[in-house]
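Just so you know, we're using my numbering here: the sequence shown kicks off at 68 and counts up by one.
Data block below; observations after.
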Amino acid sequence: MDAAGEQGARRGGRRAAGGAAARRAARSGGKTGPAMPYITRRVPVYEVLGEEALATIEANADIVLEEVGIEFRDDEEAIRLWKDAGADVKGQRVHFPKGLCRELLKTAPSVFTQHARNPERSVQIGGDATVFAPVYGPPFVRDLDGERRYATIEDFRNFVKLAYMAPSMHHSGGTVCEPVDIPVNKRHLDMVYSHIRYSDKPFMGSVTAPERAEDTVAMCKILFGEEYVDNNTVVINLINANSPMVFDDTMLGAAKVYARNNQACIISPFILAGAMSPVTVAGTLTQVLAEVLAGASFTQLVRPGAPVLFGTFAASISMQSGAPTFGTPEPSLVSYGAAQLARRAGLPFRTGGSLCGSKVPDAQAAHESAATLNMTLLAGTNFALHSAGWLEGGLVSSYEKFMIDIDQLGMQQRFAEGVDMSENGQAMDAIREVGPGSHYLGCDHTRNNFENAFYRSLVADNNSFEQWDLEGRKSADQRANALARQWLESYQAPDLDPAIDEALQGFIRQRKESMPDAFS
């Protein structure tokens with residue numbers, strides 16, 4: 068869905084501005100300027116495990132797969148596929164001969180493109196690419212009036228609009244919040260339509276029931292064309308393992324729909340270490356690897372060559388209260404290690420984001436989110452869900468936190484560019500011009516580079532105390548609140564072919580009329 072001048076300004080969702088405002092935007096690290104492409108990392112990944120440790124974890128995962136097994140619950144087709152593939156099936160538990168899963172995964176692509184309806188916004192998944200996507204799943208929002216309440220479809224549309232306008236957000240995401248004002252069995256239609264109508268970035272599909280996945284694919288075929296969808300990946304989808312070591316019929320049903328249609332599945336164990344996995348990093352990594360190998364290889368049974376990601380959501384729990392904790396060292400070690408295991412398996416990797424347990428966008432939220440986000444980039448994550456807007460352990464989508472987070476994403480993007488070693492980057496002409504005892508403020512090199520030399524935040528305040536005092540002593544969340552209001556007021560929707568829009572709305576009407584409302 069991500070050009071200079073008028074086209075770049077329109078794709079960013081804002082009118083082109085002139086004069087000082089435009090110059091400030093250009094210096095802001097891309098915050099309000101043209102959209103940034105997905106990240107191509109030019110910094111090395113950080114690895115926490117050596118060869119011996121990796122080999123041990125892989126051998127332990129093989130033992131889990133063969134001796135303990137993974138349950139594929141309430142899905143006769145899945146059981147039949149595994150029997151036909153040579154697995155030892157006992158009831159709903161599948162035991163995998165050593166090497167079976169990895170052999171099946173040889174058909175899975177290590178790199179693929181998720182196509183957006185605006186080709187300039189298409190993203191690479193895998194390799195040295197990192198793609199940021201918004202928060203996913205919260206039933207509540209913390210709105211711009213400071214209220215914590217259940218989310219609505221208006222909130223959902225607002226977050227889609229903000230993600231569309233954010234240059235450092237490469238993806239529209241999926242369930243950016245749960246619109247509880249629409250029946251459960253129908254809200255997926257409004258959510259997918261919102262991603263299509265209010266953004267032209269790539270998006271995610273529904274996984275809460277196989278028929279809702281089918282609806283997502285049908286809407287993609289209206290948007291892109293049936294043949295295009297069959298030959299290209301246009302939607303990516305989150306398939307959670309029910310850890311420990313279970314895949315349920317809902318997730319399996321959705322995975323089959325997407326894999327059969329050549330659409331991407333993220334096989335992602337949902338780990339709260341100490342509750343859903345062992346308390347140790349190595350034990351958790353063993354279980355994560357076993358679950359991913361089983362789930363990812365299953366997609367290849369459904370359709371060899373279907374794109375699939377190695378995912379993990381890793382957090383720990385308080386051993387005193389049982390509450391999930393975020394930004395702590397152990398889950399970061401899990402994610403770093405899982406990224407290494409994913410590269411060895413030849414699969415794109417998903418983890419991380421801007422996770423925190425704080426109830427408001429305060430210092431706790433900032434510290435915990437920064438710890439998670441730094442790990443996300445340095446681990447070599449390819450698809451980063453929950454990159455902006457997450458509060459309260461994932462129960463809340465916050466407008467203010469979203470704006471603060473996307474500012475951090477822009478900084479991460481600049482960091483990922485690495486060190487400029489061009490002639491201009493070496494700056495030898497500046498060093499010669501200035502010489503000893505002078506300064507660089509007025510030299511030619513500084514004048515030629517000052518517009519884009521440093522990332523400039525639109526959320527942080529770096530002015531003097533006197534200037535901050537004069538401007539109302541605003542905190543970061545207050546500045547973020549004002550920025551979110553400004554963006555939503557100036558939002559302009561990307562163009563969408565009226566015939567496609569009409570066809571999508573007709574499909575939604577027909578589907579909604581075909582079933583009674585259900586709220587559970």
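Glycine included, C-beta positions come from ideal geometry on N, C-alpha and C.
Keep in mind it's a predicted model, so treat the numbers as computed, not measured.
Report all residues from its chain with a CB closer than 6 Å to the CB of residue i; omit the five preceding and five following residues, and keep chain order.
i: residue 478; result: 522
i: residue 589; result: Examination of residue 589 is not possible in this model, given that the chain is present from 68 through 587 alone.
i: residue 564; result: none
i: residue 198; result: 105, 190, 237, 238, 450
i: residue 385; result: 392
i: residue 154; result: 161, 163
i: residue 323; result: 369
i: residue 109; result: 484, 485
i: residue 398; result: 381, 382, 383
i: residue 435; result: 393, 394, 423
i: residue 470; result: 547, 550, 551
i: residue 71; result: At residue 71 the pLDDT is 28, less than 50, meaning the model places this residue with poor confidence; the figure from the coordinates comes in the next sentence. For residue 71, where only same-chain residues beyond five positions count, there are no Cβ hits under 6 Å.
i: residue 570; result: 289
i: residue 468; result: 428, 456, 458
Am I right that residue i and residue j are in contact with their C-beta atoms under 8 Å? What's the rounded C-beta distance?
i: residue 307; j: residue 273; result: Contact flag wrong, Cβ pair sits at about 13 Å.
i: residue 168; j: residue 360; result: 4 Å
i: residue 277; j: residue 321; result: 6 Å
i: residue 225; j: residue 555; result: 6 Å
i: residue 376; j: residue 331; result: 7 Å
i: residue 162; j: residue 133; result: 6 Å
i: residue 440; j: residue 424; result: In fact, because the Cβ distance is near 15 Å, the residues do not count as touching under 8 Å.
i: residue 248; j: residue 283; result: Not confirmed; about 21 Å, so no contact.
i: residue 313; j: residue 286; result: Between residue 286 and residue 313 the Cβ distance is about 30 Å, and since that is not below 8 Å, they are no contact.
i: residue 326; j: residue 366; result: 4 Å
i: residue 354; j: residue 115; result: Not really, about 17 Å apart at Cβ, beyond 8 Å.
i: residue 511; j: residue 500; result: 7 Å
i: residue 265; j: residue 560; result: 6 Å
i: residue 546; j: residue 528; result: 7 Å
i: residue 141; j: residue 315; result: 7 Å
i: residue 338; j: residue 310; result: 6 Å
i: residue 152; j: residue 374; result: About 20 Å; that fails the 8 Å criterion.
i: residue 300; j: residue 181; result: 5 Å
As a quick exercise: from the options, pick the residue whose alpha carbon is nearest that of residue i.
i: residue 238; options: 200, 409, 401, 320; result: 200
i: residue 145; options: 261, 333, 347, 362; result: 362
i: residue 459; options: 469, 366, 427; result: 427
i: residue 242; options: 151, 261, 496; result: 261
i: residue 166; options: 182, 128, 585; result: 128
i: residue 378; options: 357, 156, 369; result: 357
i: residue 183; options: 539, 302, 489, 370; result: 302
i: residue 143; options: 319, 229, 254; result: 319
i: residue 394; options: 116, 123, 432, 534; result: 432
i: residue 188; options: 268, 222, 295; result: 268
i: residue 586; options: 252, 122, 496; result: 252
i: residue 349; options: 498, 120, 494; result: 120
i: residue 582; options: 150, 175, 159, 254; result: 254
i: residue 574; options: 221, 281, 122, 541; result: 281
Going by DSSP, what residues sit across from residue i in a beta bridge?
i: residue 447; result: Note: residue 447 sits in no beta bridge, so no partner.
i: residue 336; result: 308
i: residue 138; result: 160, 313
i: residue 40; result: Any question about residue 40 goes unanswered here, given that the chain covers just 68 to 587.
i: residue 207; result: 217, 463
i: residue 344; result: 340
i: residue 349; result: For residue 349, which the question treats as bridged, DSSP gives no partner whatsoever.
i: residue 155; result: 162
i: residue 179; result: 192
i: residue 331; result: 303
With a threshold of 6 Å (Cβ to nearest heavy atom), would residue i be considered close to the ligand ADP?
i: residue 267; result: Among the ligands in the structure shown, none appear at all, so the ligand ADP cannot be discussed.
CB-CB under 7 Å to residue i, same chain, minus the five flanking residues each way: which ones, in chain order?
i: residue 211; result: 466, 548, 551, 552
i: residue 346; result: 340
i: residue 402; result: 379, 381, 418, 419, 442, 446
i: residue 473; result: 233, 235, 236, 455
i: residue 113; result: 403, 445, 446
i: residue 271; result: 240, 241, 302, 303, 304, 305
i: residue 217; result: 206, 207, 247
i: residue 244; result: 205, 208, 218, 222, 223, 226, 464
Excluding sequence positions up to five away, which residues of its chain have a Cβ less than 8 Å from the Cβ of residue i?
i: residue 177; result: 193, 194, 413, 414, 415
i: residue 298; result: 329
i: residue 97; result: Note that residue 97 has pLDDT 38, beneath the 50 cutoff, so the model's placement of it is unreliable and the number below is only indicative. Cβ neighbours of residue 97 beyond the five flanking positions: 103, 234, 235, 477, 480.
i: residue 148; result: 365, 368, 369
i: residue 124; result: 116, 349, 352, 353, 356, 404, 408
Could you tell me which whole beta strand (DSSP E) segments of length 3 or greater appear in the stretch 245 to 309?
302 to 308
Kindly provide the ranges of any beta strand (DSSP E) runs that are 3 or more residues long and lie completely inside the stretch 368 to 437, ordered along the chain.
375 to 378, 380 to 384
Give the list of continuous beta strand (DSSP E) stretches no shorter than 3 residues that lie fully inside the stretch 211 to 241.
215 to 217
Could you pull out every unbroken beta strand (DSSP E) segment of at least 3 residues lying fully inside the stretch 441 to 514, listed in chain order?
463 to 465
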